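Okay, structure first, notes after.
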Amino acid sequence: MRQQAETNQEGNRDMEISHIIKKQRAYFATGATRDVGRRIEVLKRLQQVIRAREGELAGAMKQDLGKSASESYMCEVGLTLSELSYQISHLKRWARPRRRGTDLTNFHGKSFSVREPYGCVLVMSPWNYPFLLCMEPMIGAIGAGNCCVLKPSAYSPAASSAMAALVREVFPEEYVTVVEGGRAENSALLEERFDYIFFTGGVSVGKLVMEKASAHLTPVTLELGGKSPCIVDKTANLKLAAARIAFGKYLNCGQTCVAPDYLLIDSSVKDAFLEQFIRTVRSMYGEQPLDNPNYGKIINRKHFDRIRGLMDQEKLVYGGETDPETLRIAPAVMDHVTRADGVMQEEIFGPILPVVTFDEITEAFRFVQEGEKPLAAYLFTGDKSTEKQFLDRISFGGGCINDTVVHLAASRMGFGGVGNSGMGSYHGRRSFETFTHEKNILKKYGWIDLPLRYQPYDGKKDRLVRMFLK
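Numbering of the sequence shown is given in numbering that gives the first Met the number 0, commencing with residue 0 and proceeding in unit increments.
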């Protein structure tokens, strides 16, 4: 009986998801999402509701991740509002047809491109920045003229519930819908046919998303992760580097896809840097970080145990205190780390900074090249030659020179991975382009029709064709 009930429940859920997608396809077919003015109006409405619900959203993120209201605004709500403002300001210009040059062989004609929405898109978001990483792709999808199904993570249930309520206030179900739940809902959604899938999360699930999308030849954007390196050479401003690396590493307790995963530092400045770094961490989080109400927590016990298991007590030189009751781990530093250590075998996604030394900068570059291409990479240097080598030799999704993480906040630049860290990008105009198909059109005029392309062919036509096509 129990098995039968579970089977019936699964069937009802699958039918409900299929029904939602059918409603969205029917709504999209009416052309209601095409008008650019209406898209702007609905984005403005979304902006108003987010502002009105800021306190509710902050409370949800505090519940899920222990984030302070300041961090929730700075890293989630504020960034989302900034992206909304940018989209609203530029959407009309992006949506206009664009003139293209026309070659002489197509005289007399006009070439232009128009961008059309894909249709019904799926956005699957993670738990670490539950609001930002759900809303920003959705903003791009709506600005581009699509209908959208949002699937937030089950690991951040309070934020998921808050977003579902927000979306219901702004959009009818046939336009944008939030599907809450866990793996069963993920599986059901991936069995459906979407016109585009945008996924943010881990590599293993990203591969599954791509596999499922291939059944329908559905295009995908995958925002994944990896071990993002942070390189500090002997010419770097150590005080500045310490502050900016500490910010990027311990933000959201290290649960950031673009956090510096490990530190590669010139051996001649390592001791001076670590002394400054530890002083900086203490000034930011206090002598007892676990007593700091503005320092967050690990998302759940599974990840807490995993991160705690990565800390080698013999190599721990600072921090790392844990509180299993509150799922909190203090900022930690591990020294004398090698590639063989467990902490270097996977993306940490927690507040541990492993330190690896080098004697020549080429060693650091080679160390990074031996691994998978990271989502982000960071370099602290005062040497322009080192900067050029870094950009020429290391392949990564995006990053900073003399800072960490903040490139994620730039609407004027695309954000995305490469290789194992993902494919495709978004933010600002790149979001609009990601969620639209570019249709290229040649409009020919009828007052002249050169006979060169028509049979019968002869020597004179061949000579003329060769004049144009060479």
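By construction, the Cβ of each residue, glycine as well, lies at the ideal position given by its N, Cα and C atoms. Given the structure is predicted, the values throughout are model-derived calculations rather than measurements.
Under the assumption that residue i contacts residue j (Cβ atoms under 8 angstroms), give the Cβ distance between them as a whole number of angstroms.
i    : j    : result
E179 : A161 : At roughly 11 angstroms, the Cβ-Cβ gap does not stay under 8 angstroms, so E179 and A161 are not in contact.
L121 : F193 : 4 angstroms
G427 : Y195 : Contact doesn't hold; Cβ gap of about 18 angstroms is too wide.
Y377 : G398 : 5 angstroms
A245 : P288 : Not a contact, Cβ separation roughly 11 angstroms.
E173 : K61  : Not really, about 33 angstroms apart at Cβ, beyond 8 angstroms.
P136 : A158 : Not quite, the Cβ-Cβ distance comes to about 15 angstroms (not below 8 angstroms), so this is no contact.
A363 : I230 : 5 angstroms
N251 : L64  : 7 angstroms
F366 : V355 : 7 angstroms
L90  : R167 : At roughly 24 angstroms, the Cβ-Cβ gap does not stay under 8 angstroms, so L90 and R167 are not in contact.
T32  : G144 : 5 angstroms
C146 : F303 : Not quite, the Cβ-Cβ distance comes to about 38 angstroms (not below 8 angstroms), so this is no contact.
K211 : L189 : 4 angstroms
Within its chain, find whatever has a CB closer than 7 angstroms to the CB of residue i; leave out the 5 residues flanking it on each side and keep chain order.
i    : result
R1   : In this prediction, R1 has a pLDDT of 49, which is less than 50 and means its spatial position is unreliable; what the coordinates show is noted afterwards. Nothing listed; no residue qualifies.
Y154 : W126, I298 and N299
S17  : E191
D13  : A187
R429 : G413
K238 : Q275
V464 : L451
K460 : L451
G247 : A258, P259, T403 and V404
M134 : T79
N7   : Confidence is the limiting factor: at N7 the pLDDT is only 47, short of 50, which leaves the residue's position unreliable, though a coordinate-based value still follows. Cβ within range, chain order: n/a, list empty.
R307 : T321 and I328
E75  : M60, Y128, F130 and L131
Residue i bridges to which residues according to DSSP?
i    : result
D112 : The amino acid at residue 112 is misidentified as Asp; the sequence shows Ser. DSSP output for S112 lists R97 and N439 as bridge partner(s).
T321 : I328
M123 : K150 and F198
G415 : S424
Y476 : Since the displayed the chain opens at 0 and closes at 469, residue 476 lies outside it and no answer follows.
D265 : F357
V175 : C147
M209 : The partner list for M209 (beta bridge, DSSP) is empty, contrary to what the question assumes.
M333 : L315 and P353
Looking at the secondary structure, which residues open and close the alpha helix (DSSP H) in which residue i lies?
i    : result
K61  : E53 to L64
T361 : I360 to Q368
K460 : G458 to F467
C133 : L131 to G142
F357 : Not the alpha helix (DSSP H): F357 falls in the beta strand (DSSP E), residues I351 to F357.
T279 : K269 to Y284
L449 : From DSSP, L449 is part of no alpha helix (DSSP H); its letter is neither H nor E.
T385 : K383 to R392
L165 : P156 to V169
E184 : R182 to E190
E222 : Unbroken run through E222 is the beta strand (DSSP E), V219 to E222; no alpha helix (DSSP H).
F246 : L237 to Y249
A68  : A68 to S71
Suppose the cutoff is 8 angstroms on Cβ atoms and the five residues either side in sequence are ignored; what does the same chain contact list for residue i look like?
i    : result
R50  : L80
L441 : T101, N105, G108, K109 and S110
W169 : For the sequence presented, residue 169 should be read as Val rather than Trp. Here the set comprises V41, R44, L45, V48 and V175.
D34  : none
K469 : none
State the start and end residues of the unbroken beta strand (DSSP E) segment that holds residue i.
i    : result
T540 : What the structure shows of the chain is the stretch from 0 to 469, and residue 540 is not part of that stretch, so it cannot be assessed.
D304 : Run containing D304: none in the beta strand (DSSP E); it sits in the alpha helix (DSSP H), R300 to L309.
P228 : P228 to V231
Y377 : A375 to F379
If you drop the 5 nearest sequence neighbours on each side, which residues of the same chain put their C-beta closer than 6 angstroms to that of residue i?
i    : result
A242 : T279
R114 : T435 and E437
S410 : E82, Y85, H426 and G427
G253 : G349 and P350
T234 : T380, G381 and D382
N401 : F379
P96  : F111 and V113
S124 : L132, C133, P151 and T199
F197 : V122, P136 and T220
L326 : K296, I297 and F303
Assess contact between the region 313 to 320 and the region 280 to 294, defined as three or more Cβ pairs (one per stretch) separated by less than 8 angstroms. Is contact present? Output reads yes: the region 280 to 294 touches the region 313 to 320.
Evaluate contact between the region 143 to 152 and the region 170 to 185, counting only Cβ atoms and requiring at least three cross-stretch pairs below 8 angstroms. Here the region 143 to 152 makes contact with the region 170 to 185; the two share three or more CB pairs at distances below 8 angstroms.
Is it a yes or a no for the region 62 to 74 touching the region 288 to 307, going by three-plus beta-carbon pairs under 8 angstroms? yes
With a threshold of 8 angstroms, are at least 3 pairs of Cβ atoms found where one atom belongs to the region 370 to 382 and the other to the region 412 to 421? yes
Okay, do the region 221 to 235 and the region 249 to 261 touch, 3+ Cβ pairs below 8 angstroms being the bar? Counting Cβ pairs under 8 angstroms, three or more are found: they touch.
Would the region 307 to 314 and the region 327 to 334 be scored as touching if the rule is three or more Cβ pairs under 8 angstroms? yes
Examine the Cβ distances between the region 215 to 223 and the region 351 to 366 and report whether three or more of them are shorter than 8 angstroms. They do not touch, by the three-pair rule.
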